[in-house]
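Chemist:
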Amino acid sequence: MHFRKGSHLRCKFGDLEAVQVEKYVSSTEVVCFSPPQRDLTTVVRVAVTNNNSTFTPNPVFFTYTTTADLVSITPKFGGISGGTELLIRWYNLEINYDGVVTCRIGGINTIGQVLASNVVKCVTPTVKQPGKQLAQVSVNGLSSEEIGQGFEESVFTTPSLYFEFVEDIVIYELIPDLGPSIDANTVMTVRGRWFMNSVDLACIFL
Numbered sequence: 001m002h003f004r005k006g007s008h009l010r011c012k013f014g015d016l017e018a019v020q021v022e023k024y025v026s027s028t029e030v031v032c033f034s035p036p037q038r039d040l041t042t043v044v045r046v047a048v049t050n051n052n053s054t055f056t057p058n059p060v061f062f063t064y065t066t067t068a069d070l071v072s073i074t075p076k077f078g079g080i081s082g083g084t085e086l087l088i089r090w091y092n093l094e095i096n097y098d099g100v101v102t103c104r105i106g107g108i109n110t111i112g113q114v115l116a117s118n119v120v121k122c123v124t125p126t127v128k129q130p131g132k133q134l135a136q137v138s139v140n141g142l143s144s145e146e147i148g149q150g151f152e153e154s155v156f157t158t159p160s161l162y163f164e165f166v167e168d169i170v171i172y173e174l175i176p177d178l179g180p181s182i183d184a185n186t187v188m189t190v191r192g193r194w195f196m197n198s199v200d201l202a203c204i205f206l
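First residue of the sequence shown: 1, per the UniProt record's numbering; consecutive thereafter.
1) Tell me the residue span of the beta strand (DSSP E) that contains Ser72.
2) Would a C-beta distance cut-off of 9 angstroms place Pro130 and Glu85 closer than the cut-off?
3) If you follow the beta strand (DSSP E) that Leu87 is part of, which residue opens it and which one closes it?
4) First and last residue of the beta strand (DSSP E) that includes Val199?
5) Rounded to whole angstroms, what is the Cα-Cα separation between residue 209 and Val127?
6) Compute the beta-carbon to beta-carbon distance between Lys12 and Thr49, rounded to the nearest angstrom, for a pair I have assumed lies under 8 angstroms.
7) In the structure shown, what three-state DSSP assignment does Gly192 receive?
8) Just the Cα atoms here: how many angstroms apart are Tyr162 and Thr65?
9) Cβ atoms of Phe55 and Val43: under 9 angstroms apart, would you say?
10) Sort Asn185, Ser53, Thr110 and Gly83 by Cα distance to Ser7 and report the nearest one.
11) Taking only the alpha-carbon atoms, compute the straight-line gap between Asn197 and Pro36 and give it to the nearest angstrom.
12) Along the chain, where does the beta strand (DSSP E) that runs through Gln129 open and close?
13) Please report the Cβ distance between Tyr91 and Val71, rounded to the nearest whole angstrom; I am assuming they are in contact, meaning their Cβ atoms lie under 8 angstroms.
14) Start and end of the beta strand (DSSP E) containing Arg10?
15) In this structure, what does DSSP give as the bridge partners for Lys23?
16) Which of the three DSSP states is assigned to Gly79 in this structure?
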């Protein structure tokens, strides 16, 4: 069936009343919003009609899931230059069969890495200034390009968690800058700026 643009072009989800197409893209592509479903989790047939009477004979399937709850984000802050690896955990969020997860941090979409059925790793983008930003997750299997077509709010988790972007640490001086390699435990002073009084504040020797 070729889709025809018009007021009778509709999508039907299971036994629910057919809903008007949200966006006509071409004769082979339309965009529909799924209507509310009473059952918490269920799989329904999805078909399309040009005349609100005759539907496509080869329906596809859509899975309704429970509302997701993001429960934690670790760490809770990182530098504005980006590159911070975040672990986001949730309840009631079913991973798409192909494991495609999209992270959204501060309105910027990136592909996440699935670590477990309730954990995904995201990498923060670069931002221009410090501040708290929403952290969201989508498991619809859509690419960042597809998500960026005006239908973002329908595919990302709500409510969201917050990640705080802070100024990147700058080190000016290390006193002393040398010490014994065998008998270690040299006490040193690090001078710089943008240090935060946090339990996560640590020195790393690479």
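The C-beta atom is built at its ideal place from N, Cα and C for all residues, glycine as well.
Modeler: To lay it out plainly:
1) Asp69 to Thr74 is the extent of the beta strand (DSSP E) around Ser72.
2) Not closer than 9 angstroms, so no.
3) Per DSSP, Leu87 belongs to the beta strand (DSSP E) from Glu85 to Tyr91.
4) For Val199, there is no enclosing beta strand (DSSP E), since its DSSP letter is neither H nor E.
5) This structure does not reach residue 209, given that the chain is present from 1 up to 206, and the question cannot be answered.
6) The pair is a contact, with the Cβ atoms about 7 angstroms apart (cut-off 8 angstroms).
7) The DSSP-derived three-state label of Gly192 is strand.
8) Straight-line Cα distance between these residues: approximately 24 angstroms.
9) It is not a contact, given that the beta carbons lie outside the stated cut-off.
10) Checked all of Asn185, Ser53, Thr110 and Gly83; the closest Cα to Ser7 is Ser53.
11) One alpha carbon belongs to Asn197, the other to Pro36, and they sit about 46 angstroms apart.
12) It is not in any beta strand (DSSP E) - Gln129 carries neither H nor E in the DSSP assignment.
13) In this structure Tyr91 touches Val71 by the C-beta definition: roughly 6 angstroms separates them, less than 8 angstroms.
14) Segment Arg10 to Phe13, the beta strand (DSSP E) holding Arg10.
15) Looking at the DSSP assignment, Lys23 forms a beta bridge with Val31.
16) Taken through DSSP and simplified to helix, strand or coil, Gly79 comes out as strand.
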